[in-house]
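Heads up: the sequence shown is residues 665 to 792, going by this note's numbering.
Only one structure is covered here, and it is reproduced in the block below.
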Amino acid sequence: DCMDEEFDLIVLPGGVPGAMNLRDSKELEILLKKQAGQKKYYAAICASPAVVLHHYGLVTPGKVTCHPGFSAGIDNGNVLQSAVVVDGYCITGRGAGAACDFALHLVSLLYSEEKKKEVMQGLALPVD
665 DCMDEEFDLI
675 VLPGGVPGAM
685 NLRDSKELEI
695 LLKKQAGQKK
705 YYAAICASPA
715 VVLHHYGLVT
725 PGKVTCHPGF
735 SAGIDNGNVL
745 QSAVVVDGYC
755 ITGRGAGAAC
765 DFALHLVSLL
775 YSEEKKKEVM
785 QGLALPVD
C-alpha cells in the first residue's frame, strides 16, 4: 500500500530475525533503491546496515557502521567504529547503545539542530 508514497526518511530497525526479514522483502528493496535514487534519506541501525543495506548495494564500505557481530558481512569488516555514520543520504548506527545518538542525528537532519536540542532537553540530556 505504500509503494507509491514519498518519504522524507526511511528507517530500518536492527535485530534478528527482523533484519533478515527486511532483507527478504522485495517491496522494501524497491522503496529503498527509489529513495536512494531520489537523493532522500534512508537509515539503518544495528544488524540492518550489513544485512539489508549492504545486501541491496546501498552502503559504501568504509563509510558505514553496524553492530560488530555483523561487520564481517560488509567488505570483510570495512566499517567504522563510530556510533553514527553519515554518507550522503545514508545514515547508519552501530547498535542499541547508539540508538539515542542515531535518533537525535535523524532529528537534526529532518528538522534542525535547534529541534534536536529541544528533544534533548525533553529527554533530560545535556545540551552542549
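By construction, the Cβ of each residue, glycine as well, lies at the ideal position given by its N, Cα and C atoms.
Note that the structure is predicted; figures quoted are calculated from it, not measured.
When the beta-carbon positions are compared, Leu686 and Val716 come within less than 8 angstroms of each other. When the Cα atoms are used, Gly701 and Pro732 turn out to be separated by approximately 28 angstroms. One Cα belongs to Pro681, the other to Ser689, and the distance between them is close to 13 angstroms. The C-beta distance from Asp765 to Val748 rounds to 5 angstroms, short enough to fall under 8 angstroms. If you draw a straight line from the Cα of Asp672 to the Cα of Leu770, it is about 11 angstroms long.
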